[in-house]
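Student:
2 protein chains.
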Amino acid sequence: MSGPNVAADHLRLMIERIERLEEEKKGIGDDIRDVYLEGKASGYDTKIMRQIIQLRKMQPHDRQEMEAILQTYLSALGME
Amino acid sequence: MSGPNVAADHLRLMIERIERLEEEKKGIGDDIRDVYLEGKASGYDTKIMRQIIQLRKMQPHDRQEMEAILQTYLSALGME
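Line order of the protein sequences matches chains A and B.
Convert by adding 77 to the 1-based position in the first sequence; the result is the number in the working numbering.
Convert by adding 77 to the 1-based position in the second sequence; the result is the number in the working numbering.
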């Protein structure tokens, strides 16, 4: 096989690998959506569920600091 | 177990399921990035690889139509 064909095969294989991975990623995205739909069907607010996911990623100390800053800003804007 | 605890358990299980799925999704995202890095290391332009992925998703007819419209706009803007 000539050089260009080998290169084209390599490119094609990489593209196909990315496509398979994107497909898998989409499948997992669909599974995540299903869990949120299950939450919604059980009466949970999915926006708050998303917030919980974000908050659980943070260290407790960082979360407390963020909440304190949020309170400061709300207070400064007369939103309390 | 009382009602609120059952509900809290259900919520916790859903949150944990989402977290595991997000983790998997992130792993696949990393795998995709690795393929692009492999492409880059082989001398391919990763932006063009991404464009190829998008174009391969389209029907040939739709792609040709898009390319014709793109040419029209480029021409209208004197970018040819």
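Where is the CB? At the ideal position from N, CA and C, for every residue including glycine.
(1) Would V83/A be called buried (16 or more neighbouring beta carbons within 10 Å of its own) or exposed?
(2) With DSSP collapsed to three states, give me the class of S152/A.
(3) Could you tell me the boundaries of the alpha helix (DSSP H) in which G104/B lies?
(4) How many angstroms separate the CA atom of G106/A from the CA atom of A145/A?
(5) Does DSSP put E142/A in a helix, in a strand, or in coil?
(6) When you compare each of L147/B, R89/B, G116/B and K103/B to H87/A by their alpha carbons, which one comes out closest?
(7) Identify the continuous alpha helix (DSSP H) that holds Q131/B and give its terminal residues.
(8) Using CA coordinates, which residue listed in E157/B, M91/B and Y150/B is at the minimum distance from G120/A?
Tutor: So, from the listed chains and residues:
(1) With fewer than 16 neighbouring CB atoms inside 10 Å of its own CB, V83/A falls in the exposed class.
(2) S152/A sits in a helix when the DSSP states are folded into three classes.
(3) Element bounds for G104/B: G80 to A118.
(4) If you take the alpha carbons of G106/A and A145/A, they lie about 33 Å apart.
(5) In the three-state scheme derived from DSSP, where H, G and I count as helix and E and B as strand, E142/A is classed as helix.
(6) Nearest of L147/B, R89/B, G116/B and K103/B to H87/A, Cα basis: G116/B.
(7) T123 to K134 is the span of the alpha helix (DSSP H), which, as asked, contains Q131/B.
(8) Of the candidates E157/B, M91/B and Y150/B, the one whose C-alpha sits nearest the C-alpha of G120/A is M91/B.
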